[in-house]
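Using the numbering used here, count along the sequence shown one by one with no gaps and you end on 464. Built from N, CA and C at the ideal position, the CB exists for glycine as well.
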Amino acid sequence: MEQGEDGPRLWDQDEPLSLGVLPRAIWDAFALLSGGSMSEEALVGHVERAGGFQAVVFLHVILARLARRGALRYLVQGPSGTLATLEPLSPRFELSSQPLASARRLRLSRFAHVRRNGDALVLESPRAHGRVVLGHAAALVLLAGLAMPTAPSAAVERLAPHEVPAALTLLELLFRTGFVLAAEPDGSTEEERHPALALWEFHDLLFHAGSRRRLHGRRVGATYRLAGTVASLPAVPPPSEPAIALPRPDLERLARRDPPLVEAMERRRSHREPGTRGLTLAHLGELLYRCARVRQVRPGERDEESSRPYPSGGARHPLETYVAVGQCEGIEPGLYHHDAAGHRLEQRSGWTPTVRALLADAQVGSRPPQVLLILSARFARTSFKYESIAYALVLKEAGVLLQSLSLAATAMGLAACVVGRGNPELFEHAAITDGVAESSVAEFALHGCIPSEEQVLAEPHSRP
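Here it is in structure tokens:
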């Protein structure tokens, strides 16, 4: 904190927060805080003695501003040291004015979770605007007792008598920040009764908040956080054998014959039943060339980038296309990897039970798809550059590629359908990939060619 022309300024992450003209009593109180922690009662008492009631009101306003900026911590001290520390993380942080005494029964939020952060355990929730650093085992004992609806007095029964006062203080802090909620006689909380919250599952809300919210001290975007520790992956995996060369379509001819974009978008449908004719290798070659080929590999900011027909965050292009073939003229059944640079299908396995299971798992109509395109991600391609948003970018890219495949399939007259869920365990077993390094993120089913009267283009326009 320093004195500026318009009053005291707090510097946080190189950005100043002007506090305006402060009464001398509050300025002195902040000088005390800068030397270490101080109880709220002692701080308020100091300000009240020096500046009166009006200064106390002003103090609470300033403390709230500091908390929303992430410049204030709330410590709960116990007989053995710090029981817990509340760290505000969002400009929306505030302590509820509702007292703990207003709730007869309490329950831990179903979105709350404990994880390791560095050398500490932290309590977090996608609904909360702060986190709690747990400093003593007594805090974990308290949380464990809140899994079931519990009276405040019963929540601290398993603690030693000398730990109870601090535990009750922590319980009130958890209640006022939304980690702990009032419970009804049937055990429900507002999270079960609120029509929007009731539909959210824990993992979905955690992912949404974790990849979207801007929190104090959180690094987001192109940080290259492990660039000096972890080697980056090449833009394109090295080629392998055996492989089958795929036909390449004549793009100039397609440009003349393809329907307009608006028409393709309006004609697009999800086809879950077999078409009137089967797929051919030429169909696969054209579809993959249209949508998933590598046009160029070029130097990037710190490593290789690639250009492909669909956009990718930072030109990272983590997606790979695998082709599970059940029935396709010109190629044997099995699992193949699309060499996007060489436009080839590299064989990964034959017609194994696992490949058959992949196709059966994608069945949404009367029969399994003839061909299943499996989009996998080499996650490190994106996470090498991006922090906090890497997996969200992967899923956005998968959605873009699925739309590209859908529109191209419509233009080609193919019976195709996006698959709502996949089986990453089956895929990893069939493709022999490490699930944390590469795994499936989306699937696209091909059921043949749709009836001729619905076709836009009857035949693929390919050249060897």
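| query | If we call anything under 8 Å between Cβ atoms a contact, is Ala-155 one with Leu-123? | reply | no
| field | Boundaries of the beta strand (DSSP E) in which Ser-471 is found, first to last residue | value | In the structure as shown, the chain starts at 1 and stops at 464, and residue 471 therefore has no counterpart that could be examined.
| task | Return yes when the C-beta of Ser-349 is under 7 Å from any heavy atom of the ligand NAP, and no when it is not. | result | With respect to the ligand NAP, the structure offers nothing, as it holds no ligand at all.
| query | Roughly how far, in whole angstroms, is the beta-carbon of Leu-375 from the beta-carbon of Val-419, given that I think they are within contact range, below 8 Å? | reply | Wrong, their Cβ atoms sit about 10 Å apart, outside the cutoff.
| query | Can you tell me whether His-60 is buried or exposed, with buried defined as 16 or more other CB within 10 angstroms of its CB? | reply | exposed
| field | Cβ contact (3+ pairs, closer than 8 Å) linking the region 380-387 and the region 220-233 | value | yes
| field | Continuous alpha helix (DSSP H) stretch holding Asp-28: start and end | value | 24-34
| query | If we count the other Cβ atoms within 10 Å of its Cβ and call it buried at 16 or more, is His-129 buried or exposed? | reply | buried
| query | CA-CA distance, Gly-350 and His-337? | reply | 12 Å
| request: Tell me where the beta strand (DSSP E) around Glu-346 begins and ends. | output: 344-349
| request: Could you have a look at Asp-361 and say whether DSSP puts it in helix, strand or coil? | output: helix
| said: Count Cβ pairs between the region 72-92 and the region 133-144 that sit closer than 8 Å; are there 3 or more? | reply: yes
| Which word fits Gln-98, buried or exposed, when buried means at least 16 other C-beta atoms lie within 10 angstroms of its C-beta? | exposed
| field | Nearest candidate by alpha-carbon position, reference Arg-316, set Tyr-322, Val-323, Ser-306 | value | Ser-306
| query | Taking the alpha carbon of Arg-24 as the point to measure from, which residue in Gly-52, Gly-36, Ala-42, Ser-39 has its own alpha carbon closest? | reply | Gly-52
| field | Ala-287 versus Cys-449, Ala-101, Phe-93, residue with shortest Cα-Cα distance | value | Contrary to the premise, residue 287 reads as Leu rather than Ala in this sequence. Among Cys-449, Ala-101, Phe-93, the Cα nearest to that of Leu-287 belongs to Cys-449.
| task | Using the Cα positions of Arg-412 and Ala-255, report the straight-line distance between them to the nearest angstrom. | result | Looking at the sequence provided, one finds Met at residue 412 rather than Arg. Looking at the two C-alpha atoms, the distance is approximately 12 Å.
| said: For Pro-238, count the other beta carbons within 10 Å of its own beta carbon; 16 or more makes it buried, fewer makes it exposed. Which is it? | reply: exposed
| field | First and last residue of the uninterrupted alpha helix (DSSP H) at Tyr-289 | value | 281-292
| query | So what does Ala-324 bridge to, in DSSP terms? | reply | Leu-335, Leu-372
| field | Supposed contact pair Phe-111 and Leu-205 - C-beta distance, whole angstroms, cut 8 Å | value | 6 Å
| query | How many angstroms separate the CA atom of Met-38 from the CA atom of Gly-145? | reply | 29 Å
| task | Write down the C-beta distance between Gly-313 and Tyr-391 rounded to the nearest angstrom, noting that I regard them as a contact closer than 8 Å. | result | About 11 Å; that fails the 8 Å criterion.
| query | What separation, rounded to the nearest whole angstrom, lies between the Cα atoms of Phe-30 and Glu-40? | reply | 12 Å
| task | Could you say if the region 154-168 and the region 185-202 meet the contact criterion of at least three C-beta pairs nearer than 8 Å? | result | no
| query | Which full runs of the alpha helix (DSSP H) of 4+ residues lie inside the region 168-205, going along the chain? | reply | 190-193
| said: Within a Cβ cutoff of 6 Å, which residues of the same chain sit near His-479, ignoring the five residues on either side of it in sequence? | reply: Limits of the chain in this structure are 1 at one end and 464 at the other, which puts residue 479 out of reach.
| query | Can you name the start and end residues of the beta strand (DSSP E) that Gly-78 belongs to? | reply | 74-78
| Taking the alpha-carbon positions, what's the Ser-404 to Arg-116 distance? | 40 Å
| Nearest-angstrom Cβ-Cβ length linking Arg-176 and Ser-96, presumed shorter than 8 Å | 4 Å
| query | Where DSSP assigns a beta bridge to Ile-244, which residues make up the other side? | reply | Leu-345
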